[in-house]
Structures are given as structure tokens and as C-alpha cells.
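Okay, so the sequence shown: first residue is 13 according to my numbering, each after it adds one.
Let me begin by presenting the structure, written as C-alpha cells, before commenting on it.
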Amino acid sequence: MTGAANELKGNKDFLLAPSILDADILRLSQDIKKVEDELDWIHVDVMDGHFVPNLSFGPNLVAAVRRGFPDRFIDVHIMVEPAECFVDMFTAVSPDILTVQAESTKHIHRVLQSIRAAGVRPGIAINPGTPVSAIETVLHMVDLVLVMTVNPGFGAQKFLPEAAAKLKELVRFRVVHSLGYLIEVDGGVNADNAAFLVSTGCDVLVAGSAIFKQADPARAALEIRNSAAGK
Ligand code: DX5
Ligand code: ZN
Numbered sequence: 013m014t015g016a017a018n019e020l021k022g023n024k025d026f027l028l029a030p031s032i033l034d035a036d037i038l039r040l041s042q043d044i045k046k047v048e049d050e051l052d053w054i055h056v057d058v059m060d061g062h063f064v065p066n067l068s069f070g071p072n073l074v075a076a077v078r079r080g081f082p083d084r085f086i087d088v089h090i091m092v093e094p095a096e097c098f099v100d101m102f103t104a105v106s107p108d109i110l111t112v113q114a115e116s117t118k119h120i121h122r123v124l125q126s127i128r129a130a131g132v133r134p135g136i137a138i139n140p141g142t143p144v145s146a147i148e149t150v151l152h153m154v155d156l157v158l159v160m161t162v163n164p165g166f167g168a169q170k171f172l173p174e175a176a177a178k179l180k181e182l183v184r185f186r187v188v189h190s191l192g193y194l195i196e197v198d199g200g201v202n203a204d205n206a207a208f209l210v211s212t213g214c215d216v217l218v219a220g221s222a223i224f225k226q227a228d229p230a231r232a233a234l235e236i237r238n239s240a241a242g243k
């Protein structure tokens, strides 16, 4: 691997990014602390009630997570439309990565340029119905490609295996074109499919309900980590 992937993943086989969408918002800090030993990144899902049929967090929440966990890697995934109207408010709160949905703008190239120009690593996400071919022309611009394996908008949905087929395509494209993006999978990830996902070449596993909806989130995160590592 080259570029961002090499730099961000180091010699780890995969990174685990718990999504706080399903955490207890009134006890968010405590919930994150519960899984601190197991997490690599903190995944924050931003929803606008327009691009997706749900509302979640805004830039204030990202800023609060940054203040509470200043040394942690914050992975912000915005499901908002049009993306260009939201980029500045999120780059201003200094996430480590800002990932936009390819379908959420007519001007994805410009949006990715503007994120990079603001000093934040750009990522691109694709819905289950969007093929890799739709984003090939901008893959040289991103540090992360997020493959949605559920339709975006809610936690605790069932994993869509047909969407996961795109992971291998992205691995192949990365090799052929000597690119350095990380590949992240988001939606329905759990201890049962983690090993399979890592075996396809996926670098970052996002997991929400499989961690925060469990009685013991730390144990649940460790189980995903162990199963992803083939233990
Ligand atoms: C869905 C979000 C996901 C969500 C994942 O639109 O992008 O990050 O939190 O939740 P689970 O892991 O429960 O599918
Ligand atoms: Zn997400």
C-alpha cells in the first residue's frame, strides 16, 4: 500500500471505527471511554433528513468529541445534500477525515478539492446501488473510500453482501493505479462478518449497533476485533 493507507494504517491488519450513532447521547463521553482500548477511530455519522431519512449530529457534536478526545482520530461521514453547502462547517471543526457521499452532490470533484484545500483528508462514500465505476475518476483525490453495506440513514440494519463485492474491486483498482486510499466498510458489520471483510482487503471496519447496542460494548468491540484478526 502507498500514501494515506500506509500512513494511517501502519502495520495493523485493520482498524476498528465504532460509530457513535447508536451510543447513549446523554452519556456519549462515557460510552466512548468504554471502548477506548478497542477503538482506532471514532466514526461520526451526520444525517440531514433529506439525503437520508433521519437526522443525527451536527458540527457542534464533532467539535465536542474533538475537545473530549483530542488525540483520537475522528472519522466524520456526512450524509447531507448538497454536500458543498456543509463542507466548510465540518472542516472548521477539524475532523481527521471528512467523507462525503458521491451521490450527494453534482460536483464531487470540487467538493473533494475543497476538503483537501481546507487541510482535511477527503473521503468518498458510495451507496449500495452506486458502482465503483461511478467514482473511478476521483479515486486519486481521496484518502478513504467508504463502501456502504446498508442503505444509509439508520444503524442496526442487515448487512448487504452484494455491496461488499465492491471491496475487491476497490482493492484491485488501488493496485493497478498505485493509489493509496484506505477502504472502509460501513453498515451491518459484526463479529460474524468481520473476518470475511478483512479477508477481502477492507482496511477499516465501522460498527455501530454491534458495539453500542450490546450489554458490554467493550467486550463486543473486542469480539469484533478478535474475529477480524481470525482469533
Ligand atoms: C448508517 C451509518 C453507519 C451506522 C452503522 O447510515 O453510516 O455508520 O452507524 O450502524 P450499524 O453498524 O449498526 O449498521
Ligand atoms: Zn457511517
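C-beta atoms are modelled at their ideal positions from N, C-alpha and C, and glycine is treated no differently.
Counterpart residues of residue i in DSSP-defined beta bridges
{"i": "Gln-113", "result": "Ala-137"}
{"i": "Glu-196", "result": "Leu-158, Val-216"}
{"i": "Leu-27", "result": "Val-216"}
{"i": "Ile-54", "result": "Ile-86"}
{"i": "Met-59", "result": "Met-91"}
{"i": "Leu-67", "result": "Asp-60"}
Under the three-state DSSP convention, the category residue i falls into
{"i": "Pro-173", "result": "helix"}
{"i": "Val-188", "result": "helix"}
{"i": "Leu-158", "result": "strand"}
{"i": "Val-88", "result": "strand"}
{"i": "Asp-49", "result": "coil"}
{"i": "Asp-43", "result": "helix"}
{"i": "Asp-34", "result": "helix"}
{"i": "Ala-76", "result": "helix"}
{"i": "Val-183", "result": "helix"}
{"i": "Val-150", "result": "helix"}
{"i": "Lys-178", "result": "helix"}
Span separating the alpha-carbon of residue i from that of residue j
{"i": "Phe-69", "j": "Ala-35", "result": "12 Å"}
{"i": "Ala-130", "j": "Leu-194", "result": "20 Å"}
{"i": "Ala-219", "j": "Leu-40", "result": "16 Å"}
{"i": "Leu-179", "j": "Thr-111", "result": "17 Å"}
{"i": "Val-105", "j": "Gln-169", "result": "29 Å"}
{"i": "Phe-171", "j": "Val-197", "result": "10 Å"}
{"i": "Leu-20", "j": "Leu-38", "result": "31 Å"}
{"i": "Val-201", "j": "Met-160", "result": "10 Å"}
{"i": "Gly-141", "j": "Val-216", "result": "21 Å"}
{"i": "Gln-113", "j": "Leu-182", "result": "16 Å"}
{"i": "Ile-109", "j": "Arg-78", "result": "12 Å"}
{"i": "His-89", "j": "Pro-107", "result": "10 Å"}
Residue range of the unbroken alpha helix (DSSP H) whose run includes residue i
{"i": "His-121", "result": "120–129"}
{"i": "Ala-232", "result": "229–240"}
{"i": "Ser-211", "result": "206–211"}
{"i": "Lys-21", "result": "15–21"}
{"i": "Thr-142", "result": "Per DSSP, Thr-142 belongs to no alpha helix (DSSP H) and is neither H nor E."}
{"i": "Thr-103", "result": "99–103"}
{"i": "Ala-168", "result": "Premise fails: Ala-168 is in no alpha helix (DSSP H) and is neither H nor E."}
{"i": "Phe-224", "result": "221–224"}
Buried or exposed (CB count within 10 angstroms, at least 16 for buried), residue i
{"i": "Asn-139", "result": "buried"}
{"i": "Ala-222", "result": "buried"}
{"i": "Asn-72", "result": "exposed"}
{"i": "Gln-42", "result": "exposed"}
{"i": "Glu-148", "result": "exposed"}
{"i": "Gly-61", "result": "exposed"}
{"i": "Pro-143", "result": "exposed"}
{"i": "Leu-28", "result": "buried"}
{"i": "Pro-229", "result": "buried"}
{"i": "Pro-210", "result": "The sequence shown places Val at residue 210, not Pro. Flag for Val-210 reads buried."}
{"i": "Leu-156", "result": "buried"}
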